[in-house]
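For the record, in the sequence shown the residue sitting at position 8 is 8 according to our numbering, with numbers rising by one throughout.
Virtual Cβ for every residue (Gly too), placed ideally from N, Cα, C.
Input: a single structure, listed below in structure tokens.
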Amino acid sequence: MTPAAPDREPLSLTAVEALAREAHATQTDKAGRPYAEHLQAVADGVRARGGDDEQIAAAWLHDSVEDAALTEEWLRDAPLTARTKAIVRALTKIPGESPQAYAERVLATPGARLVKEADLAHNADPARLAVLDDTTRARLTAKYAAMRALLGLR
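The following block contains the structure:
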């Protein structure tokens, strides 16, 4: 792992998981499930795709700033590696940002594409989408397919 800071060790994956679960404890996904289930699935997906500890840490935190579970200031000062922080920032959507600009940032950030691939895989899971209304399911299916195409994923 890349050093977190000259004088600090990065948080362990166990600590990152606990932090992410606590930060998202009151949040649910579109189906009303605890949001931590999504974070677990993305972290597991990164691991299954051969991701390293920095990418797995980023998977646990990938929605934390975007969903206001943690602040950008927290991320800046957190005992995480520079690469983990860069991946989290790359995956944090900016209001008004085009999907193309978002995809370009993900592709330009080493390690981020694999985390986004795991995120998209879980988001597009047919069992997860099946509990949504038809309109939402169709909108999200198209959105996830478009992002996969922009990222060059099959």
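For D134, the enclosing alpha helix (DSSP H) covers residues D134 to L150.
If you compare the alpha carbons of A149, R47, L129 and P79 with that of L114, the shortest gap goes to R47. Counting C-beta pairs closer than 8 Å gives three or more between the segment 80 to 93 and the segment 111 to 131, which meets the contact rule. Using a 10 angstroms sphere on the CB of S12, the tally of other CB atoms stays under 16, which defines it as exposed. Assigned with DSSP and collapsed to three states, P10 falls in coil, not helix or strand. Secondary structure note for G32: it is in no alpha helix (DSSP H), with a DSSP letter that is neither H nor E. Between the segment 133 to 145 and the segment 36 to 46 there are fewer than three inter-stretch CB-CB distances shorter than 8 Å, so the stretches are not counted as touching.
Here V131 carries a coil assignment [DSSP, helix/strand/coil].
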